[in-house]
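I have placed the structure first, in the form of structure tokens, so that the comments after it can refer back to it.
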Amino acid sequence: MKMKPEENSKQKNQGELFRNRLDQILDHRHPLYQIAKKIDWEKFEKEFGKYYTEKTGRPGLRIRLLVGLHYLKHAYNVSDEKVVEGYLENPYWQHFKWLGF
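Note that the UniProt record's numbering has the sequence shown beginning at 1, numbered continuously upward.
Structure below.
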């Protein structure tokens, strides 16, 4: 039985060498960046989390994503389709919901 060689942490991190996190490349003075820092996202997760169940149906989307999209939809007065389109194209909208890279 052959064993696959273990990857050390240096090898694992090499794939991330040229990849930046959004918070490292965005302007921290941007209004959405500032608002995202001020919102108590845990409060939304606590309030809405009681309505989520993992036992039935399709797994739900993250609460922060849903609340963030809803905010952006009303703040920018756009349709559901346009808010999703804007989310896919705009890194500030993505960071607003803190979805990583």
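Note that beta-carbon positions come from the ideal geometry of N, C-alpha and C, so glycine has one too.
Residue state for K97 is assigned as coil, using DSSP reduced to three classes. Secondary structure at H74: helix, using DSSP grouped into helix, strand and coil. For the pair R21 and P31, the Cα-to-Cα distance works out to about 18 Å. Judged by beta-carbon spacing, Y51 lies beyond the 9 Å limit of L69, meaning their Cβ atoms are not closer than that value. Less than 9 Å divides the Cβ of W41 from the Cβ of V67.
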